[in-house]
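*Asks:* Take this structure first; my questions come after.
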Amino acid sequence: MAIKKDGDFVTFTQFVQAEQAQYPGASGQFSWLMSGVALATRMIGSYIRRAGLIDVWGEHGTTNVQGETVKKLDIMANDALKRTLAYRGNVGVIASEEDDEPKVLAEVDADDSYIVMFDPLDGSSNIDVNVSVGTIFTIFQNPPDVKGTEKSVLQKGAKQVAAGYVLYGSSTVMVYTAGRGTHMFTLDPQFGTYLLTRENIQMPTFAPQYSVNEAYSHTFPEGYRRYIDGVKLQDNPGYSSRYVGSLVADFHRILINGGVYMYPPTRSDPGGKLRLMYECNPLAFIAEQAGGAATNGKTRIMELEPKNVHDRVPLVIGSIKNVEEVSRSLAAAGHA
Ligand code: AHG
Ligand code: MN
Ligand code: MN
Numbered sequence: 133m134a135i136k137k138d139g140d141f142v143t144f145t146q147f148v149q150a151e152q153a154q155y156p157g158a159s160g161q162f163s164w165l166m167s168g169v170a171l172a173t174r175m176i177g178s179y180i181r182r183a184g185l186i187d188v189w190g191e192h193g194t195t196n197v198q199g200e201t202v203k204k205l206d207i208m209a210n211d212a213l214k215r216t217l218a219y220r221g222n223v224g225v226i227a228s229e230e231d232d233e234p235k236v237l238a239e240v241d242a243d244d245s246y247i248v249m250f251d252p253l254d255g256s257s258n259i260d261v262n263v264s265v266g267t268i269f270t271i272f273q274n275p276p277d278v279k280g281t282e283k284s285v286l287q288k289g290a291k292q293v294a295a296g297y298v299l300y301g302s303s304t305v306m307v308y309t310a311g312r313g314t315h316m317f318t319l320d321p322q323f324g325t326y327l328l329t330r331e332n333i334q335m336p337t338f339a340p341q342y343s344v345n346e347a348y349s350h351t352f353p354e355g356y357r358r359y360i361d362g363v364k365l366q367d368n369p370g371y372s373s374r375y376v377g378s379l380v381a382d383f384h385r386i387l388i389n390g391g392v393y394m395y396p397p398t399r400s401d402p403g404g405k406l407r408l409m410y411e412c413n414p415l416a417f418i419a420e421q422a423g424g425a426a427t428n429g430k431t432r433i434m435e436l437e438p439k440n441v442h443d444r445v446p447l448v449i450g451s452i453k454n455v456e457e458v459s460r461s462l463a464a465a466g467h468a
């Protein structure tokens with residue numbers, strides 16, 4: 133975008149506005165919406181930093197639609213997003229991991245009405261042990277001609293208008309794409325604003341590293357097991373493995389350093405564990421915009437037609453050559 137000189141800074145809002153300005157007739161509604169998402173993530177970040185101090189650790193005791201026990205912070209993060217987006221008039225529908233059904237915020241027929249979907253707190257079981265967690269979001273156009281909320285949210289990932297995540301790590305970073313490259317912003321804690329720190333990130337095309345919960349590997353389909361066994365036998369390059377257990381943290385490492393992340397079908401989750409709409413699609417969009425790839429083992433993630441807002445899929449995502457290597461192993465074992 134070439135809007136940054138030495139000593140200058142570009143805020144996230146400036147960046148989104150500059151991108152929008154390239155579209156004649158763009159109303160500015162989209163950047164208003166994105167500023168709502170950014171505000172919510174700053175609120176969530178501050179809750180996380182104060183987790184032990186404001187008594188938000190531990191189980192909240194309720195069960196979400198996925199059948200998992202919800203941590204209190206999941207609810208606070210969900211509420212932060214819902215509350216900030218409720219004031220953005222151009223958000224027609226929101227859908228969240230934590231809510232059974234998509235929620236209509238406003239009955240809008242305008243062309244620039246949006247659907248926002250999110251995983252408010254990803255990796256929440258890591259909160260108790262002070263390990264990085266994240267927020268994932270994706271934005272679709274709200275089709276005015278489609279009647280019924282459930283139906284209007286069921287769009288394939290290729291139709292995403294924008295997507296991103298925030299990683300609350302040693303620093304807080306937002307990674308964002310609106311289909312013109314993948315960009316990174318770092319939260320300046322002193323100013324309370326996201327500043328552009330890396331424009332047009334390109335993922336390495338290959339790195340000898342894989343990320344998977346290997347404890348389940350005896351229940352993976354054969355092609356995954358063969359892949360993992362195979363790379364362990366390679367000397368040049370020798371592979372290493374990393375697994376945080378927060379998808380956003382595992383993916384972010386791969387975005388920067390390269391490699392492959394896998395969540396294959398397992399005995400307890402034969403259709404995969406990760407959610408298509410608000411975990412896999414946004415990360416797939418970001419990966420592709422950075423030169424990487426994402427598949428369910430057979431089909432490009434962003435081509436999958438969702439049947440339900442909470443659909444789960446297997447995920448193989450990362451550097452293009454690593455993803456191809458896994459896909460070849462799956463095909464050789466007859467999975468593709
Ligand atoms: P969430 O906290 O939003 O439910 O997501 C948890 C996900 C993801 O972050 C992580 O990669 C994966 O679950 C870890 O699952 P396992 O513990 O089965 O490896
Ligand atoms: Mn998650
Ligand atoms: Mn979550």
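Numbering-wise, the sequence shown is residues 133 to 468 according to the working numbering. Built from N, CA and C at the ideal position, the CB exists for glycine as well. Given the structure is predicted, the values throughout are model-derived calculations rather than measurements.
Among Phe162, Phe269, Tyr155 and Asp206, which one has its Cα closest to the Cα of Leu408?
*Replies:* Considering only alpha carbons, the answer is Phe269.
*Asks:* Taking the beta strand (DSSP E) that Pro414 falls in, what are its first and last residues?
*Replies:* Segment Asn413 to Gln421 is the alpha helix (DSSP H) holding Pro414; no beta strand (DSSP E) there.
*Asks:* Hey, could you find the ends of the beta strand (DSSP E) His442 is sitting in?
*Replies:* From DSSP, His442 is part of no beta strand (DSSP E); its letter is neither H nor E.
*Asks:* Is Gly177 near ligand 1 - that is, is its Cβ less than 7 Å away from at least one heavy atom of it?
*Replies:* Gly177 Cβ: outside cutoff for every heavy atom of ligand 1.
*Asks:* What do you reckon, are the CB atoms on Val458 and Tyr359 nearer than 8 Å?
*Replies:* A contact, by the Cβ cut-off of 8 Å.
*Asks:* Run the proximity test for Leu171: is its beta-carbon closer than 7 Å to any non-hydrogen atom belonging to ligand 2?
*Replies:* No, the Cβ of Leu171 stays beyond 7 Å of every heavy atom of ligand 2.
*Asks:* Which same chain residues end up closer than 6 Å to Val148 when comparing Cβ atoms and leaving out the 5 residues on each side of it in sequence?
*Replies:* So the list reads Ser163 and Met166, once near-sequence residues are dropped.
*Asks:* How about Lys288 and Leu436: do their beta carbons lie closer than 8 Å?
*Replies:* Against a cut-off of 8 Å, the Cβ pair of Leu436 and Lys288 comes out as a contact.
*Asks:* Specify whether the segment 293–311 and the segment 263–277 touch according to this definition: at least 3 beta carbon pairs, one from each stretch, less than 8 Å apart.
*Replies:* Touching, yes.
*Asks:* Let me know if Asn454 comes out buried or exposed under the rule of 16 or more other beta-carbons within 10 Å of its beta-carbon.
*Replies:* Buried, since its Cβ has 16 or more Cβ neighbours within 10 Å.
*Asks:* Ends of the beta strand (DSSP E) at Gln273?
*Replies:* That run of the beta strand (DSSP E) goes Val265 to Gln273.
*Asks:* How many Å lie between Asn222 and Gln161 at the Cα?
*Replies:* Looking at the two C-alpha atoms, the distance is approximately 6 Å.
*Asks:* Going along the chain, which residues put their C-beta within less than 6 Å of some heavy atom in ligand 2?
*Replies:* Qualifying residues come out as Asp251, Asp254, Leu379 and Glu411.
*Asks:* So if DSSP puts Lys235 in a beta bridge, which residue, or which two residues, is it bridged to?
*Replies:* DSSP output for Lys235 lists Ile226 as bridge partner(s).
*Asks:* State buried or exposed for Pro397, treating a residue as buried only when at least 16 other CB atoms are found within 10 Å of its CB.
*Replies:* Flag for Pro397 reads buried.
*Asks:* Smallest Cα separation from Leu415: which of Val305, Arg385, Lys235 and Tyr297?
*Replies:* It is Tyr297 whose Cα lies nearest to the Cα of Leu415.
*Asks:* Grouping DSSP H, G and I as helix and E and B as strand, with all else coil, what is Thr427?
*Replies:* DSSP places Thr427 in strand when its eight states are reduced to three.
*Asks:* Under 8 Å: do the segment 314–331 and the segment 351–369 share three or more Cβ pairs, one atom per stretch?
*Replies:* No, they do not touch.
*Asks:* Nearest-angstrom Cα distance between Ala464 and Pro336?
*Replies:* Their Cα atoms are separated by approximately 25 Å.
*Asks:* DSSP has Tyr326 in a bridge; who is on the other side?
*Replies:* The partner list for Tyr326 (beta bridge, DSSP) reads Leu319.
*Asks:* Alpha carbons only, please: which of Gly311, Pro321 and Thr325 is nearest the one belonging to Thr145?
*Replies:* Checked all of Gly311, Pro321 and Thr325; the closest Cα to Thr145 is Thr325.
*Asks:* Determine the DSSP secondary structure at Ile247, reduced to helix, strand or coil.
*Replies:* Here Ile247 sits in strand by DSSP.
*Asks:* In angstroms, rounded to a whole number, what distance separates the CA positions of Leu237 and Leu462?
*Replies:* The straight-line gap from Cα to Cα measures roughly 42 Å.
*Asks:* Ignore the nearest five residues each way along the sequence and tell me which others in Gly355's own chain have a CB closer than 6 Å to its CB.
*Replies:* Cβ within range, chain order: Ser461, Leu462, Ala465 and His467.
*Asks:* Terminal residues of the continuous beta strand (DSSP E) containing Ser343?
*Replies:* Taken as a continuous stretch (DSSP letters only), the beta strand (DSSP E) holding Ser343 covers Gln341 to Ser343.
*Asks:* Using only the heavy atoms of ligand 1, determine whether one of them is closer than 7 Å to the beta carbon of Gly391.
*Replies:* Flag unset: Cβ of Gly391 not near ligand 1.
*Asks:* Is there at least one Cβ from chain D nearer than 8 Å to Gln341's Cβ?
*Replies:* Reference to chain D is not applicable here, since this structure consists of a single protein chain.
*Asks:* Given a threshold of 16 other Cβ atoms within 10 Å of its Cβ, counted over all protein chains shown, does Ser257 qualify as buried or as exposed?
*Replies:* Answer is exposed; the Cβ neighbour count stays below 16.
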